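K.L.:
In full-length UniProt numbering, the protein residues as written are 1 to 350.
1) Within the continuous alpha helix (DSSP H) that includes residue 355, where are the two ends?
2) If you draw a straight line from the alpha carbon of residue 203 to that of residue 33, how long is it in whole angstroms?
3) Hey, residue 128 and residue 121 are a contact pair by Cβ (cut 8 angstroms); roughly how many whole angstroms apart?
4) Note down the Cα distance separating residue 273 from residue 28, rounded to an integer number of angstroms.
5) Assign residue 75 to one of three DSSP states: helix, strand, or coil.
6) Considering only the beta carbon of each residue, do residue 245 and residue 9 sit closer than 8 angstroms?
7) How long is the line joining the alpha carbons of residue 78 and residue 153, rounded to whole angstroms?
8) Rounding to the nearest angstrom, what Cα-Cα distance links residue 247 and residue 35 in this structure?
9) Based on Cα-Cα distance, which residue from 339, 284, 224 and 318 lies nearest to residue 388?
10) Please work out which residues of its chain come closer than 8 angstroms, Cβ to Cβ, to residue 334, disregarding the five sequence neighbours upstream and downstream, and give them in chain order.
11) So the candidates are 12, 15, 31 and 2; which of them puts its Cα closest to the Cα of residue 205?
12) Whose C-beta lies closer than 6 angstroms to the C-beta of residue 330 among residues of the same chain, with five residues either side of it excluded?
13) Can you tell me whether DSSP reads residue 36 as helix, strand or coil?
14) Considering only their Cβ atoms, is the gap separating residue 271 from residue 321 smaller than 8 angstroms?
15) Compute the distance between the beta-carbons of residue 290 and residue 74, then report whether it is under 8 angstroms.
16) Need the endpoints of the alpha helix (DSSP H) that residue 97 sits in, please.
17) Expressed to the nearest angstrom, what Euclidean distance is found between the alpha-carbon atoms of residue 104 and residue 145?
18) Quick one: using the 10 Å Cβ neighbour count with 16 as the cut-off for buried, is residue 83 buried or exposed?
19) Around the C-beta of residue 178, are 16 or more other C-beta atoms found within 10 angstroms, so that it is buried, or is it exposed?
20) For residue 347, which three-state DSSP category applies?
21) On a CA-only basis, which of 308, 314 and 109 is nearest residue 343? Give me that one, please.
22) Under the rule that 16 or more other beta-carbon atoms within 10 Å means buried, what is residue 150, buried or exposed?
23) Would you kindly work out how many angstroms separate the C-alpha atoms of residue 219 and residue 26, rounded to a whole number?
24) Do residue 216 and residue 48 have their C-beta atoms closer together than 8 angstroms?
25) Excluding the five sequence neighbours on either side, which residues of its own chain have a C-beta within less than 6 angstroms of the C-beta of residue 242, listed in chain order?
26) Based on Cα-Cα distance, which residue from 253, 254 and 126 lies nearest to residue 304?
27) How many Å lie between residue 96 and residue 17 at the Cα?
28) If I'm right that residue 115 touches residue 283 with Cβ under 8 angstroms, what's the distance once you round it to whole angstroms?
29) In this structure, how does DSSP classify residue 292 when only helix, strand and coil are distinguished?
30) Start and end of the alpha helix (DSSP H) containing residue 82?
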């Protein structure tokens with residue numbers, strides 16, 4: 001066993017964690033500000049940004065190009081479980097305020113449960129064929145269109161900023177009383193140059209949001225590749241590796257976003273990140289895997305337990321969001337994730 005690549009990739013992994021922290025902090029701050037400026041729910045903004053798992057898609061494509069479909073499918077399933085049991089649970093634990101999810105979060109939690117049910121049925125019946133892959137990608141396109149339609153129709157009312165985010169925004173006019181309902185874009189009683197200042201502010205915060213998202217994606221990509229190199233030296237099964245270590249590494253961005261969202265009271269960003277990420281995984285990423293065709297190594301593939309874990313985690317997520325459950329639910333979800341990892345490494349090891 002060569003220690004050189006292990007030491008190097010361990011250093012890359014540690015550096016990526018710091019990049020994750022930077023990206024998550026910048027993303028959370030500016031997502032809330034942009035959502036309020038546009039009069040759009042931060043849930044919808046997060047669905048289109050953090051909910052887009054580009055680093056996961058990069059890992060899936062890279063694995064398929066290396067003819068390692070079990071690794072791609074294992075990472076897909078493991079990340080789906082980790083986003084809820086491992087990331088969303090942390091957000092619930094760090095939230096110190098009463099939990100209250102908006103209508104958008106509840107709607108897309110139900111959508112996630114429906115998408116998960118469809119995927120699990122197709123996988124259980126061994127119907128992840130190339131035509132089905134095309135249908136899953138088309139379903140993802142419909143999902144994205146629904147988000148834009150919701151924004152256009154004003155589906156949700158933009159929630160107000162908390163005190164922790166106020167310092168990231170421009171200071172309000174002291175002559176005008178500011179309430180939680182006061183929009184960032186002023187009315188006709190303000191000076192003529194106020195809209196220009198607000199537009200510049202919106203452009204700045206949008207740019208910073210994209211910087212944060214880019215940092216998150218880059219960190220996730222570096223984490224996945226460094227973790228893959230380290231684990232290859234241990235000669236683990238591709239599916240087990242994808243379900244456990246690789247999925248844990250690639251979902252670290254979601255874990256950081258969940259922790260920061262929960263600690264700052266932005267539970268809708270936290271829920272949207274989990275829902276959007278899993279819908280992205282189970283439609284677009286699963287569609288790409290299905291289009292690649294069946295793996296030649298039928299022994300190194302997922303088992304029924306993996307599908308049950310994926311569906312159960314989505315069901316629990318939907319229940320928590322609809323009922324507005326808090327820290328106790330977070331503890332239970334985190335314990336369930338630890339049990340899942342333990343079973344994958346022991347009883348269900350390939």
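Note that beta-carbon positions come from the ideal geometry of N, C-alpha and C, so glycine has one too.
In this text the structure is predicted, and so the values were computed from the model without any measurement.
P.N.:
From the atom records:
1) With the chain covering only 1 through 350, there is no way to say anything about residue 355.
2) If you number the chain shown from 1, residue 203 lands on position 203. If you number the chain shown from 1, residue 33 lands on position 33. Computed Cα separation, rounded: 11 angstroms.
3) Position 128 of the chain shown, counting from 1, holds the residue named residue 128. Position 121 of the chain shown, counting from 1, holds the residue named residue 121. Rounded to whole angstroms, the Cβ separation of residue 128 and residue 121 is 11 angstroms, and the two are not in contact under 8 angstroms.
4) On the chain shown, position 273 is the one that residue 273 refers to. On the chain shown, position 28 is the one that residue 28 refers to. Their backbone Cα atoms lie some 11 angstroms apart in a straight line.
5) Your numbering for residue 75 matches position 75 in the chain shown. In the structure shown, residue 75 sits in a helix (DSSP, three-state: H, G or I).
6) Along the chain shown, read from residue 1 onward, the residue named residue 245 stands at position 245. Along the chain shown, read from residue 1 onward, the residue named residue 9 stands at position 9. No, they are not a contact pair.
7) Within the chain shown, residue 78 is the residue found at index 78, counting from 1. Within the chain shown, residue 153 is the residue found at index 153, counting from 1. Their backbone Cα atoms lie some 35 angstroms apart in a straight line.
8) What you label residue 247 is simply residue 247 of the chain shown in a count that begins at 1. What you label residue 35 is simply residue 35 of the chain shown in a count that begins at 1. Distance between the alpha carbons of residue 247 and residue 35 is about 29 angstroms.
9) No information on residue 388 is available, as it lies outside the stretch 1 to 350 that the chain covers here.
10) Here the question's residue 334 lines up with position 334 in the chain shown. Hits under 8 angstroms: 85, 86, 89, 90 and 93.
11) Stepping through the chain shown from its first residue, residue 205 is reached at position 205. When only C-alpha atoms are compared, the closest one is 31.
12) Numbered from its first residue, the chain shown carries residue 330 at position 330. Result list for residue 330: 89, 92 and 93, in chain order.
13) Position 36 of the chain shown holds residue 36. Secondary structure at residue 36: helix, using DSSP grouped into helix, strand and coil.
14) Indexing the chain shown from 1 puts residue 321 at position 321. Indexing the chain shown from 1 puts residue 271 at position 271. Cβ distance < 8 angstroms, so residue 321 and residue 271 count as in contact.
15) Taking the chain shown and counting its residues from 1, one reaches residue 290 at position 290. Taking the chain shown and counting its residues from 1, one reaches residue 74 at position 74. For residue 290 and residue 74, no; Cβs fall outside 8 angstroms.
16) Against the chain shown, residue 97 aligns to sequence position 97. Unbroken run through residue 97: none, as it is neither H nor E.
17) One-based indexing of the chain shown puts residue 104 at position 104. One-based indexing of the chain shown puts residue 145 at position 145. Taking the straight line joining both Cα atoms gives about 15 angstroms.
18) Taking the first residue of the chain shown as position 1, residue 83 is located at position 83. It counts as buried.
19) Indexing the chain shown from 1 puts residue 178 at position 178. Note that residue 178 scores a pLDDT of 43, beneath 50, so its modelled location is shaky; the value from the coordinates is reported in the next line. It counts as exposed.
20) Numbered from its first residue, the chain shown carries residue 347 at position 347. Reduced to three states, the DSSP call for residue 347 is coil.
21) Mapped onto the chain shown, residue 343 falls at position 343. Comparing Cα positions, the closest option is 308.
22) Translated into positions along the chain shown, residue 150 becomes position 150. Looking at its Cβ environment, which holds 16 or more other Cβ atoms inside 10 Å, residue 150 is buried.
23) Taking the chain shown and counting its residues from 1, the one referred to as residue 219 is at position 219. Taking the chain shown and counting its residues from 1, the one referred to as residue 26 is at position 26. Those two C-alpha atoms are separated by around 14 angstroms.
24) Taking the first residue of the chain shown as position 1, residue 216 is located at position 216. Taking the first residue of the chain shown as position 1, residue 48 is located at position 48. No, they are not a contact pair.
25) To locate residue 242, count along the chain shown from 1; it is residue 242. Taken in chain order, the residues that qualify are 71, 74, 75 and 78.
26) Numbered from its first residue, the chain shown carries residue 304 at position 304. If we check each option's Cα against that of residue 304, 126 comes out closest.
27) Indexing the chain shown from 1 puts residue 96 at position 96. Indexing the chain shown from 1 puts residue 17 at position 17. Cα to Cα, the separation comes out at about 25 angstroms.
28) The sequence position of residue 115 within the chain shown is 115, counting from 1. The sequence position of residue 283 within the chain shown is 283, counting from 1. Confirmed, about 6 angstroms.
29) For the purposes of this step, residue 292 is taken as the residue at position 292 of the chain shown. Residue state, collapsed to three classes: coil.
30) What you label residue 82 is simply residue 82 of the chain shown in a count that begins at 1. Element bounds for residue 82: n/a, residue is neither H nor E.
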